[in-house]
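> Below is the structure I would like to discuss, written out as C-alpha cells.
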Amino acid sequence: TGKMWKVYLVPLMSVAIVLAEANTGCTTTEKGDCCAFPFKYNSNSYSSCTFTDSSNGKPWCSLTSDYDKDKKYGYCALKTCEVQTTDGDCCVFPFTYASVTYYACTQKADSVAWCGTKSDVEFWSRQPRGDCEPYVNPCFYNPCENNGTCQSNKNQFTCKCTEDWKGKTCSQRVNPCKISPCQNGGKCFSELETSDVYCKCPQGYEGTVCEKRVYPCDSSPCDNNGTCENIENSFKCTCTEQYQGDHCETAVDPCNTNPCLNGGKCLSDLSKFTTSCSCPEGYEGDTCQNRVYPCDSSPCDNNGTCENIENKFKCTCTDQYEGDSCETRVDPCKNNPCLNGGKCSSDLSKFTTSCSCPEGYEGDTCQNRVYPCDSSPCENNGTCENIGNRFKCSCTKQYEGDSCETRVNPCKNNPCLNGGECLSDLSKFTTSCSCPEGYEGDTCQNRVYPCDSSPCENNGTCENIENKFKCTCTEQFEGDSCETRVYPCDSSPCENNGTCENIGNRFKCSCTDQYKGDSCETRVDPCANSPCLNGGECLSDMSKFTTSCSCPEGYEGDTCQNRVYPCDSSPCESNGTCENIENKFKCTCTEQYEGDSCETRVNPCKSNPCLNGGECLSDLSKFTTSCSCPEGYEGDTCQNRVYPCDSSPCENNGTCENIENRFKCTCTEQYEGDSCETRVDPCKDSPCLNGGECLSDLSEFTTSCSCPEGYEGDTCQNRVYPCDSSPCENNGTCENIENRFKCTCTEQYEGDSCETRVDPCKDSPCLNGGECLSDLSEFTTSCSCPEGYEGDICQNRVYPCDSSPCDNNGTCENIENKFKCTCTKQYEGDSCETRVDPCKDSPCLNGGECLSDLSKFTTSCSCPEGYEGYICQNRVYPCDSSPCENNGTCENIENRFKCTCTEQYEGDSCETRVDPCKNSPCLNGGDCLSDLSKFTTSCSCPEGYEGDTCQNRVYPCDSSPCENNGTCENIENRFKCTCTEQYEGDSCETRVNPCKSNPCLNGGGCLSDLLKFTTSCSCPEGYEGDTCQNRVYPCDSSPCENNGTCENIGNRFKCTCTEQYEGDSCETRVDPCKDSPCLNGGECLSDLSKFTTSCSCPEGYEGDICQNRVYPCDSSPCENNGTCENIENRFKCTCTEQYEGDSCELKVDVCKSGPCENGGKCFSDLSKEEFHCSCAKGYEGQTCSERVNPCASSPCFNNATCEVTHVTQFVCKCPKGYKGEFCQDEVDPCENSPCKNEGKCESEDGKFSCECKKGFTGKTCEIEGDYVTLNLS
C-alpha cells in the first residue's frame, strides 16, 4: 500500500503590526537602508515593519527577503504626519523620549504603540503623545488577505473571508486540494482547520507529493544471485536451484527430495550441488532404481539356467556343459554308447553322437541285428527274400517296382471309344470313360441327342441344335428348361412394404395403415380423421406418421381439449389479484407495487414526505421511508426544530450551551473533549519504566506498557535476554551480547543460528582422485574410487590379476588396469576359456565330415554316400545292398542301381504288383475295381444296370415315384407320371389351385384355401360382393361435413365447402388469423366462435395490431440525473457517482467504506457527497490516521522549549526574561518595584534603572542623601 505523507501549508504564526509606508519609494530604516518586503522571519512572512521579538520597542524590517538566512535588519523610519494618532494629531518623526530618538511609533514603557506629537516628549508625563491609529484600530490597514473584509472590536479584528478562503487573515484556502498538488494519481486530502494537505500515494509511489517512483526490486531483496522481478507493486524472486525462500535466503540440500530409491542412502556434494546414491546390495543405478540380480549379468554360459539365491547365482547346465558357469563342454562320447563294436563319433557343435556300426548291425547304438527283410521292404503283399545283407521283392500282378510300390495303370489298354478319355481309379483298380459331346455309354459306344432326355418341362417344345437343346415355353413358364412358373407378384409391384398376393394372372396389394392405392403408392394423411378439437389445426409428420395440434388461443392439450385462462399461469407478481378478460389478464396490485404484472416496486418517497429540506430515504424491502434531516431539524418528516443541546451531547455530566447550530460543553474535571467524551489519560504519571511507552485503556482506566527492546513485564521492569528464546538450533550454545545473541555451533552445523549442516566432505578425505560422497543425516562420508583403487578412502592399489581371471592353467600378466592371459596349447580365448577343436585340420577324405571328441582330443569321420572307412578312404557300390525286390536283377550305374523285374512286378525296385482289372471284366459300361491285396475285382454299374458284372437291366418305375395315386410309365431311363385331376407336377406332388378359373369379376383378386379347395375375392376400389359384382360410389358415405356438397369423381369424392369451412371433408373452420394481421411479430389470437381476432404484441410493441414501437426509456425510469440506455426491451441506468440502484434511486453513503481510522466516527453529508471524521482523542487528519503531536505547531514563543506532557497536552519552558503559558510575555524588571524610597523604575532591554527622588541615590535609591559624581579626568 502507498504511504500517507503530510504536507504543511503553514499559516502565519503571528500578525505583524502594520506600519505606514511611503506611497513612493521604499520604506527606509533609521540608517537610510531600504526594507525588503515581504521578508521571511522564523518561517513567517512579513509585508511591513513589525514589533515581533523587538527588544527595544522599535518596529523593524529585514534588509533582505530572508532574515532567517541573512540576519540583516534595521529599525524602520517614518515621516512626520505619515501616521496619525487616534485623536487625529500628526505623529512627529523623529521624536525624542528619555534621551532616545524614535523614527517610528514605539511600545517603549507601554503595551500600546504611541508617538510624540512634538519632537521632544517629557519623560515623566510622556507628553505630548498619542496612540498610533494603525495599532489601536487593527482594521486601519486591512490585515485581511484575499479580498477579506476586516471588522474591528476594540483592539482586535476579525476577517470575513470570501468563500474560497478562511483563517484569521483569510490566508488559508477552504479546499487546499483544489490546486491538485499530488502527482502520479495521488489522492489529496486536506485538514480544513489548518489547511494542511495530505497526499495519499498510489502503490508504487512515495514522497511528499507522490513524486518518487518506487520499485520493489530497487532494494535488491533477492539473496544469493536470485533474479528479482517487479510484479505490479510486489516482487518475485526466481532462485537458483541451490537456494529457496521468498528472498532465496535458504540453501537447498540436494538430498531433500530423497532421490535415492529402494533404501539407497543419499550423499550430497554441497560444493557442486550434486547427489549420489550409496545403494544397498541388490540395487544399482544413479538413484538405485534398478534391481540387480546376480543372474542379470548372464553368468551361466552355453544356455545354462541361472537361479538367483539371495545375492548369489547357481547355474543348472544343459547336458552338454558343466562347471560353475557351465563353461566346460561335455564330450557326448564319454560313456562309450556304441555296442557290438560300434565306433562312437561326437559332434560337439550339435552335442550329438553317432555310432559307426559294423556290417549286420544297426540302431543308434548298433544294438540291433539287421536282416534286410526285417523292415518289410516289399509293399502291396510282395514277398521278401534275404540275399546276404540285401533283400529281393516278388510282387503281385497288380503292382510293380523294387519294393512293389507302383500300381499297374488299368487304362494301359485304352478301352474308351469315339475319342473318349480313359479315367483310372488306382485305389479300386477301375476305369471310366469321359465321353465327348454327343456320345455316351461305358465305353462311349452310343450316339446321344439333347432332346432325347426330354429336358423341356411343363409342356415346353424341345429342338436339337447341334449338341444342345432349345426349349420353347408356354406363356405361364420361363427358364432354359421352362422350369420356372411366372407369378404377377414376382416383380414386387406393391410399394411401401405392401403385401402382394397372386390372384390368377393378377396381383393384389394389402397396404400398411400409412399407405393406400393399387400399389400402395399413396401416403395416407394422419390428419384425415380431424383429431384436433376446438378449432385446433392438425399438423401431420408424414415421415413418422404422427400428428400434433396447433391450438387456438385459449386452448391447450394434445388435441386442444383443455380450456386455458390467462390467469392460470399466475402472471400477477407480489400478491397482485388476477382477472381474466377474454384471452388477456388484468392485475390489480397492492399499494406497494405497480406495472402490468405488479412487477415494479412503488417508491414510497414519491410523495416527498420530508419537510424543511429533508432528504427522503426509502426502504423498498419494508415499503417504509425515513428522512435525512438538514442540520437543525429532526422528526419522522423533519418537522421539529432541533437545538444542539436537546440531544444531551455533553457526556459525563458536562454542561451544554447552544451556540447557533452547535453546542459547547463545559466538562467536569475528570473528562475532556468536545463532548466531554474523553477520560483523563491514566498514563499521565508515566508508570512505564526503562523507556517503555504507556498505553492507556480509558474505558477501564487502566494502563499497559509497550516495552523497548530488551525489557518486558507490566511496567517494563524485567530485563530480557536474546538467548531466552533458544535461537541456536542443533544443540548450538547461545551467548548474550547486548541485545543480540551469538551461537557457538557443534562441528556438524554452522550459520548464525547453527541452521546449516556442515558438509563432511569439506576436507576432501578421499585419496588417489576418489570422489567424496556425504551422508548429511549421519554426518559420514564414503569414497567413490577411480579404476585401480579401493578401500574406505581409496588407499589401496588394485591389480587385475589378483582375481585369477585366466582359466585352464593360463598365465596372467598385469598391463596397466587390465590383464592378459597366455593359454596352454589346448585352450584359447581372453580368459583361456575355450577348448581348441581337434578337427581344425580337416582329416576326413572324400568330403567326409569330421567329428571331434574334446575330452580325448580325438576325431572321427562321417562319410558321404559311396564311401566308408576311418577317414572315408573306401569306395562303396549301390548293388552291394541288393536293392531289387521280387527276384529283380540289379545293375550298377554310377552311384545308383537299375532293376530288371519279372513279368508279375514292376517299379524301380520291382516292388509293384500288376493290376487284376487289366482285362476289363465289367459289362454294360460298368467300372472295374481291383483289390490288389487279394488280387480280386468288383464292378461299379452305370444307371439302368446292376449285378456282379452289370449284366442285369433296371427300370425307373420300380421305385414307385408317382405320388397321390399318379400312374407311372417307363420311358428309357426315366419315368413319366399321369396325375389325377386334383394334382399336378412331375411326381403329382402339387395340389391344383382352385383360383385357376379366375372366378372374381371387375379386376377382383382371387384368394384360395387349398385345404378346403375354396376361393374368396378381394375387390378393387369401387366394387364389392362375393365376386366383386356390385359397383360402390364414394359419396354414398356422406363424407362432406358442415353442409359441404359431395361430388363423385371416379373412385374418389370432392367436397365443395361453405365459406366458413375448408379441408378435403370441410372439417376445418377457417381461421380469421389466416392473413396475419398482427405486425412486428405480434401473435394473432382468433375467436372462432365470433370470427374475430386480437393481437398479442411482443415485448417492445403495442397497439391493436402491434404497430407502435415502445422504448423502456420513454417512461424516464432513471432518477437523479441517471442516464437511460435502451437494451433490447429493457432499460439500463448509468447513475451519477452520488447515486446507485436499478433506477439510481438510492443515495451513495460515502461512509460506507469506513474511511475513518483509529476509532474515528464517520459523518456523511449525502447532499454534498462529503464525509467528516470525528477523531478519537490523540488522532487527527482527514481519516484520523495521524497521531497528534501537540508540539508540532511550535506553540511556544521566544525560543521556548515545547515538551509533551500528555497525548494532547504540552508545556512551554521559557528562556530567561520571558513568562506566560506560551512564553509570550517579556518579564518586566520593574514588576516587583525594585526602586525604593518612591524611586521611579524604568525598564529597557530586560534591565531596570531607578530614577530616584531628590535626597536618594543608589541603584535602587536605597542610599539617602545627594552625591555628586566627580569627573576626575
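Counting from 21, one number per residue, gives the positions in the sequence shown under this note's numbering.
All C-beta atoms, glycine included, are put in the ideal place defined by N, C-alpha and C.
Being a predicted model, the structure only gives us computed values, none of them experimental.
#1: Under a three-way DSSP split, which group does A271 fall into?
#2: Can a CB atom of chain B be found closer than 7 Å to the CB of I1147?
#3: At 3 residues or longer, what runs of the beta strand (DSSP E) sit wholly inside the region 1069-1131?
#4: Taking DSSP as the reference, what is the three-state secondary structure of A548?
#5: Which term fits N400, buried or exposed, when burial requires 16 or more other beta carbons within 10 angstroms of its beta carbon?
#6: Do C280 and T247 have their C-beta atoms closer together than 7 Å?
#7: Locate the beta strand (DSSP E) running through K89, then write down its first and last residues.
#8: Which residues bound the beta strand (DSSP E) around Y469?
#9: Just the Cα atoms here: how many angstroms apart are S1057 and T1076?
#10: Note down, in chain order, each residue of its chain lying with its Cβ closer than 7 Å to the Cβ of C714, except the 5 sequence neighbours on either side.
#11: Which residues in the same chain as E1258 place their Cβ atom closer than 6 Å to its Cβ, once the five residues preceding and following it in sequence are excluded?
#12: Within a Cβ cutoff of 7 Å, which residues of the same chain sit near R739, ignoring the five residues on either side of it in sequence?
#13: Excluding the five sequence neighbours on either side, which residues of its own chain have a C-beta within less than 6 Å of the C-beta of C1117, listed in chain order?
#14: At which residues does the beta strand (DSSP E) containing F411 begin and terminate?
#15: Restricting to Cα atoms, I'd like to know which of E1001, I891, E966 is closest to L865.
#16: So what's D384 in DSSP terms, helix, strand or just coil?
#17: Only counting runs of 3 or more residues, tell me where the beta strand (DSSP E) segments fall wholly within the region 162-188, in order along the chain.
#18: By the 10 Å Cβ neighbour count, where 16 or more other Cβ atoms means buried, how is T1277 classified, buried or exposed?
#19: Please say whether T426 and G927 have beta carbons closer to each other than 7 Å?
#20: Which residue marks the beginning of the beta strand (DSSP E) containing C910, and which one marks its end?
#21: Label G187 either buried or exposed according to how many other C-beta atoms from any shown protein chain fall within 10 Å of its C-beta, with 16 as the threshold for buried.
#22: Would a C-beta distance cut-off of 7 Å place N985 and T1000 closer than the cut-off?
#23: Which residue's Cα is closest to the Cα of C919: C197, P898, P936, C937?
#24: Return the CA-CA distance between T494 and C937, expressed in angstroms with no decimal places.
#25: With distances taken from CA atoms, which of Q171, E1148, D184 is nearest N195?
#26: Apart from the five residues just before and just after C4, which ones in its own chain have a Cβ nearer than 6 Å to its Cβ?
#27: Among all the DSSP beta bridges, which residues are the ones paired with D639?
#28: Extract the residue ranges of the beta strand (DSSP E) inside the region 339-388, only unbroken runs of 3 or more that lie entirely within it.
#29: Would you mind sorting E420 into buried or exposed? The rule is 16 or more other CB atoms within 10 Å of its CB.
#30: Count the other CB atoms within 10 Å of the CB of T21; is the residue buried (16 or more) or exposed (fewer)?
#31: Indicate whether E301 and D321 have their beta-carbon atoms separated by less than 7 Å.
#32: Measure the C-alpha to C-alpha separation of K448 and E379 and round it to an integer number of angstroms.
#33: In angstroms, rounded to a whole number, what distance separates the CA positions of R973 and F995?
#34: Please report the straight-line C-alpha distance between I991 and D538, rounded to a whole angstrom.
#35: Determine the extent of the beta strand (DSSP E) in which I813 is found, giving its start and end residues.
#36: Any idea which residues DSSP pairs Y66 with across the strands?
Here's the rundown:
#1: Correct three-state label for A271: strand.
#2: Among the protein chains of the structure shown there is no chain B, as only one such chain exists.
#3: Within the region 1069-1131, the runs of beta strand (DSSP E) at least 3 residues long that lie entirely inside it are, in chain order, 1072-1076, 1103-1107, 1112-1116.
#4: It is helical.
#5: Buried.
#6: Not in contact: C280 and T247 (Cβ atoms no closer than 7 Å).
#7: K89: not part of any beta strand (DSSP E); member of the alpha helix (DSSP H) spanning 87-90, first to last residue.
#8: Segment: none, Y469 is in no beta strand (DSSP E) and carries neither H nor E.
#9: Cα to Cα, the separation comes out at about 16 Å.
#10: Taking C714 as the centre and dropping the five residues before and after it, the same chain places the C-beta of C703, S706, P707, C708, T723, C725 closer than 7 Å to its C-beta, in chain order.
#11: Taking C-beta separations shorter than 6 Å and ignoring five residues to either side along the sequence, the partners of E1258 in its chain run K1273, following chain order.
#12: So the list reads G730, Y731, once near-sequence residues are dropped.
#13: Hits under 6 Å: G1102, C1126.
#14: Note, F411: beta strand (DSSP E), 410-414.
#15: Nearest of E1001, I891, E966 to L865, Cα basis: I891.
#16: Annotated three-state conformation of D384 is coil, per DSSP.
#17: Those beta strand (DSSP E) runs which fall completely within the region 162-188 and span 3+ residues are 169-173, 176-180.
#18: So T1277 counts as buried.
#19: For G927 and T426, yes; Cβs fall inside 7 Å.
#20: It spans 909-913 - the beta strand (DSSP E) in which C910 sits, taken as one unbroken run.
#21: Buried, by the Cβ-count rule.
#22: In this structure, T1000 lies closer than 7 Å to N985 by Cβ.
#23: In terms of CA proximity to C919, P898 leads the group C197, P898, P936, C937.
#24: Taking the straight line from one Cα to the other gives about 51 Å.
#25: N195 has its Cα closest to that of D184, out of Q171, E1148, D184.
#26: No answer is possible for residue 4: it lies beyond the span of the chain, which begins at 21 and ends at 1293.
#27: DSSP, once it has assigned bridges, lists T644 as partnering D639.
#28: Taking 3 residues as the minimum length, the beta strand (DSSP E) runs contained wholly in the region 339-388 are 363-367, 372-376, in order along the chain.
#29: With 16 or more Cβ atoms within 10 Å of its Cβ, E420 is classed as buried.
#30: Because the pLDDT at T21 is just 30, under 50, the model does not fix this residue reliably, and the point stays unresolved.
#31: It is not a contact, given that the beta carbons lie outside the stated cut-off.
#32: Rounded to the nearest angstrom, the two C-alpha atoms are 42 Å apart.
#33: In this structure, the alpha-carbon of R973 lies about 15 Å from that of F995.
#34: So the two alpha carbons sit approximately 48 Å from each other.
#35: If you look at I813, you'll find it isn't in any beta strand (DSSP E); DSSP assigns it neither H nor E.
#36: Under DSSP, Y66 shares a beta bridge with F59.
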